[in-house]
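So the sequences go chain by chain: A and B.
Each number in the working numbering comes from the position in the first sequence (counting from 1) with 21 added on.
Each number in the working numbering comes from the position in the second sequence (counting from 1) with 1445 added on.
Ideal Cβ positions, reconstructed from N, Cα and C, are used throughout, including at glycine.
First up is the structure itself, then whatever we jot down about it.
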Amino acid sequence: MRLVHKLLTILIVPFFGATLVAQSATAAPTIAQLQQQIADAKGSADNAWMLVCSALVLLMTGPGLALFYGGLVRKKNVLGTMMQSFAMMALITVLWAIIGYSLCFASGNSFIGGLEHAFLHAVGAAPDADYAATIPQQTFMIYQLMFAIITPALICGAFAERMKFSAMLLFMAMWSLLVYAPMAHMVWGKGGLLNASLGGRFPTLDFAGGTVVHITSGVSALVCALFLGRRVGFPKEPMPPHSVVLSFIGACLLWVGWFGFNAGSALSAGSLATSAFVATHFAAATAAIGWAVAEWIRNGKPSVLGAISGSVAGLVAITPAAGFVGPMPALLIGFIAGVFCYAMVAVVKARLGYDDSLDAFGVHGAGGTIGALLTGVFATSAINPIFKDAQGHTLPVGMMDGNFRQLGNQAIGISIAILLALVGTYVILQVVNFTIGVRVSAEDEVQGLDLTQHGEEGYYWEASMP
Amino acid sequence: MTKLEAVIQPAKFEAVKDALIEIGVEGMTVIEVRGHGRQKGHTEFYRGREYTVDLLPKVKIEAVILDEMVDKAVAAIAGAARSGKIGDGKIFLSRIDDAIRIRNDERGENAL
């Protein structure tokens, strides 16, 4: 009601303002008041959109990723796998409130944020204009939390079916603070080394998390897969997905949730959000086609799992580019990612023999890298004039714009993400392995995580039960 | 008494069941099974990884019947389950020594 009242005021005042002023000078709103009311109305629109986007991004983890991964494992591990995603929704939230948000987004040095916002101190209704001038900082905080939740959850695909639940919790808590927080601060935080809009030394374009989310999680996933070793029986024993149906539902929810992830990264409800929304959708479509066609040619049939895996690969690849590229490059980026990730998963992984159980590296690591590079190629000031000179004139953004240096900056951003993920994940795994051990016993692994880690079964369908 | 075990294509189950009931077979036990005879399995691909599935889903029907019913029952099953292609299944016959109705201890053919 208040909003309606404000809008009416804004509409009516220009027509009758003059007479009102003439009749009673004291009652008429001043220009400053009107400007404030316009800003309030825009702020409300942006805030509504960003709260919806926050919910959409949470939808990606649970149920999206939980179903996607849950369907891909054998049925004795379905609950254990879903629980890994769900546990992130609880665990990372608490860490975020205490210190995670501050380490990512408070002012600090080039590598990590300070403690100014620890315990969410001074994170309230007032916007932080450096990040998003029209929404409460608390909205920005909760939106960014959803990214911090899904990123470690993505790693779970690599160690699926064999990691201790307790070890997973400790690993993720440390990973969130030691790998995710510095990477998020470097790319998105004030004064971060790679920040493209707040004066970073090597401005890396990463609209919604190609480096921060997908390269860090994908490369960490590979380290986990190598560190934990193969599942018992891999690759001799067949381990097909127990329900592609669950994975299908999960992938479709990921696709929908990704609109919140990418379009929401505009941090406002304007045309940039629309542009990112369109690019996101287009890339998912061509990537699904790319993967399925590659499979059709190689195996004779386009599989459902292939098509949905392809769409996820496309969504990953467009993530850094979403707010920088037009629809046609988005179609191309998606298609390239679909074919490239299929090759990584079906050819390269098979040849190297590591057991990245659910292809977290093959999809997120590989897709994120190709996407971050192609962002440097196709980013354009026509979509997002992010670079300006001292006089405020727009500068070229990507290679197609004529900024050839951007590809180098993208490579630097990618390298730092890979290095941080490699070293950080390896050190954390050593600590976790030394303290509580990362892997379940061979007997527990054969019996399944559902029974041994949680004391439950996903499907309790005994004929004798009433 | 004869035990009849028929392993058939799942798609033919309804037709076979109806044919058996029509000739007067009063009871049967049906189990979903996996297996293979001379029929080859098939391959499945999950993210480029090839899985050979050589145990195919089948339905097994078990029924213990009077000896004079056997020829009619075999003809009924074969008639309903046959497509002429490899993988149609098999029928096994064996002698049964005795049968007991749990409800009232009736034995032998009376228990069927």
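Of A:GLY476, A:TRP209, A:LYS96, the smallest CA-CA separation from A:ARG222 is found for A:TRP209.
Put simply, the backbone Cα of A:LEU93 is about 19 Å away from that of A:ASP465. Against chain B, a Cβ distance below 8 Å from A:ASP380 picks out ARG1492.
Taken in chain order, the members of the region 321-350 of chain A whose beta-carbon sits within less than 8 Å of a beta-carbon on chain B are LYS322, SER324, LEU326, GLY327, SER330.
With its beta carbon at least 9 Å from every one in chain A, B:GLU1477 lies outside the interface.
Residues of chain A with a Cβ closer than 9 Å to the Cβ of B:GLU1513 do not exist; the shortest Cβ-Cβ separation is about 34 Å. DSSP places A:PHE168 inside the alpha helix (DSSP H), whose first and last residues are 158-176. Across the region 163-177 of chain A, no CB contact with chain B closer than 9 Å is found for any residue.
Looking at the DSSP output, B:LYS1535 sits in a beta bridge with B:VAL1452.
By the Cβ test, the region 448-458 of chain A is not in contact with the region 163-174 of chain A, since fewer than three Cβ pairs between them sit closer than 8 Å. Assignment of B:PHE1490 by DSSP, reduced to helix, strand and coil, places it in the strand class. Nearest to B:VAL1498 by alpha-carbon distance, out of B:VAL1504, B:HIS1481, B:GLU1513, B:VAL1509, is B:HIS1481. For the 9 Å CB-CB criterion, B:ALA1544 and B:GLY1553 form a contact.
Cβ-Cβ distances below 8 Å link B:GLN1454 to LYS1503, VAL1504, ALA1526, SER1528, GLY1532, ASP1533, GLY1534 in the same chain, with the five nearest sequence neighbours on each side left out; the list follows chain order. In the displayed model, A:PRO203 falls within a helix according to three-state DSSP. Taking a contact as a CB-CB distance under 8 Å, the pair A:LEU274 and A:LEU80 counts as one, their CB atoms being some 6 Å apart.
Under a 10 Å Cβ-count criterion, A:MET349 is classified as exposed, with fewer than 16 other Cβ atoms of the shown protein chains found around its own Cβ. B:LEU1501 carries a strand assignment under DSSP once its states are collapsed to helix, strand and coil. With a cutoff of 9 Å on beta-carbon distance, A:ILE133 and A:PRO203 are scored as near each other. Using a Cβ-Cβ cut-off of 9 Å, A:TYR363 counts as an interface residue toward chain B, since at least one Cβ of chain B sits closer than that to its own.
For the region 231-265 of chain A, the set of residues with a beta-carbon nearer than 9 Å to any beta-carbon of chain B comprises PRO256, PRO259, MET260, PRO261, PRO262, VAL265, in chain order.
Around the C-beta of A:ARG183, 16 or more other C-beta atoms lie within 10 Å, and the residue is accordingly described as buried.
Its Cα nearest to that of B:ALA1451, the residue B:ALA1521 stands out among B:ALA1521, B:GLU1495, B:GLU1467, B:THR1488. Per the coordinates, the alpha-carbon of B:MET1446 lies some 35 Å from the alpha-carbon of B:GLY1486.
In the three-state DSSP reduction, A:VAL461 falls in the coil class, being neither helix nor strand.
Residue environment: A:THR301 is assigned as buried (16 or more neighbouring CB atoms within 10 Å of its CB, all protein chains considered). A:ALA315 is positioned such that its CB atom lies no closer than 9 Å to that of A:ILE339. When C-alpha distances from A:MET104 are compared across A:VAL325, A:THR82, A:GLN54, the shortest belongs to A:THR82. Taken atom to atom, the span from the alpha-carbon of A:ASP149 to that of A:ALA62 is near 18 Å. Using a Cβ distance threshold of 9 Å, A:VAL200 and A:THR390 do not count as a contacting pair. Of the candidates A:ALA76, A:LEU249, A:THR225, the residue whose Cα lies closest to the Cα of A:ALA463 is A:LEU249. Taking the C-beta atoms as reference points, A:THR160 is found no nearer than 9 Å to A:ASN98. Here the C-alpha atom of A:SER332 lies approximately 46 Å from the C-alpha atom of B:ASP1463.
Secondary structure at A:THR114: helix, using DSSP grouped into helix, strand and coil.
The Cβ of A:ARG319 sits closer than 9 Å to at least one Cβ of chain B. DSSP places B:MET1473 outside both helix and strand once states are collapsed to three, so it counts as coil.
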